[in-house]
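Asker: Following this message is one structure expressed as structure tokens.
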């Protein structure tokens with residue numbers, strides 16, 4: 001009269017997934033919505049020069065991280081990204097095949113002077129940003145109108 005206990009039912013993998021499918025789908029959806037765009041996002045840093053000599057690397061970093069006379073606020077890098085994003089707000093301009101972006105750093109007049117150049121060439125326009133940086137004084141001057149516009153944004157940013 002002792003009832004035989006039935007062995008516990010083994011759940012199949014399919015049943016296991018059916019019970020938890022909404023949770024897994026939700027997690028996958030969140031991953032796709034928030035993580036994938038950040039991983040695939042193209043930006044200006046992707047085009048930064050690599051393997052520069054130490055002085056040229058320092059000149060490049062000095063220009064890109066320059067944030068005005070008061071040393072706070074918008075950097076040159078941020079102003080460039082903002083300008084490009086404003087000009088091409090409805091496009092993924094960095095991903096287009098006909099977009100060419102290149103940076104170069106060349107010695108200029110004097111021992112510690114360098115010209116930092118950004119060439120930004122798209123289907124719509126070609127722009128050249130040229131800054132001269134003195135590594136001794138960290139003084140940056142614009143050598144082109146586009147570069148002057150970016151420096152004005154950085155210098156007068158509230």
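In my numbering, the protein residues as written are 1 to 158.
A virtual CB, placed ideally from N, CA and C, is assigned to each residue, including glycine.
A quick note: this is a predicted structure, and the numbers were derived from the prediction, not measured.
Residue 118 to residue 33, Cα distance in whole Å?
Answerer: Sequence index remark: in the chain shown, residue 118 carries index 118 (1-based). Sequence index remark: in the chain shown, residue 33 carries index 33 (1-based). Residue 118 and residue 33: Cα-Cα distance of roughly 33 Å.
Asker: Go to residue 139, then tell me how far its beta strand (DSSP E) extends in each direction, as first and last residue.
Answerer: Position 139 of the chain shown, counted from the first residue, corresponds to residue 139. Its beta strand (DSSP E) spans residues 139-142.
Asker: Do residue 80 and residue 44 have their beta-carbon atoms positioned less than 8 Å apart in this structure?
Answerer: Numbered from 1 along the chain shown, position 44 holds the residue referred to as residue 44. Numbered from 1 along the chain shown, position 80 holds the residue referred to as residue 80. In contact: residue 44 and residue 80 (Cβ atoms closer than 8 Å).
Asker: Taking residue 182 as the reference, give the member of 92, 132, 102, 93 with the closest Cα.
Answerer: For residue 182 there is no data in the structure shown, the boundaries of the chain being 1 and 158.
Asker: What are the start and end residues of each continuous beta strand (DSSP E) run of 3 or more residues lying completely inside the region 77-116, in chain order?
Answerer: The region 77-116 contains these whole beta strand (DSSP E) runs: 100-107.
Asker: Which residues bound the beta strand (DSSP E) around residue 50?
Answerer: Here residue 50 refers to the residue found at position 50 when the chain shown is read from its first residue. Careful: residue 50 lies outside any beta strand (DSSP E) and carries neither H nor E.
Asker: If we call anything under 8 Å between Cβ atoms a contact, is residue 129 one with residue 144?
Answerer: Within the chain shown, the letter at position 129 stands for residue 129. Within the chain shown, the letter at position 144 stands for residue 144. In this structure, residue 144 lies closer than 8 Å to residue 129 by Cβ.
Asker: DSSP beta-bridge partners for residue 126?
Answerer: The sequence position of residue 126 within the chain shown is 126, counting from 1. 121, per the DSSP bridge assignment.
Asker: Can you tell me which of 84, 92, 123 puts its alpha carbon nearest to the alpha carbon of residue 147?
Answerer: In the chain shown, residue 147 corresponds to position 147, counting from 1. Among 84, 92, 123, the Cα nearest to that of residue 147 is on 84.
Asker: On a Cα-Cα basis, can you pick out the residue from 91, 46, 65, 50 that is closest to residue 123?
Answerer: Counting from one through the chain shown, the residue named residue 123 turns up at place 123. Taking only the C-alpha atoms, the option nearest residue 123 is 91.
Asker: Under a three-way DSSP split, which group does residue 155 fall into?
Answerer: Indexing the chain shown from 1 puts residue 155 at position 155. Residue state, collapsed to three classes: helix.
Asker: Which residue from 60, 25, 14 puts its Cα closest to that of residue 114?
Answerer: To locate residue 114, count along the chain shown from 1; it is residue 114. Closest option to residue 114, Cα to Cα, is 60.
Asker: The alpha helix (DSSP H) spanning residue 27 covers which residue range?
Answerer: By one-based count along the chain shown, residue 27 stands at place 27. Taken as a continuous stretch (DSSP letters only), the alpha helix (DSSP H) holding residue 27 covers 13-30.
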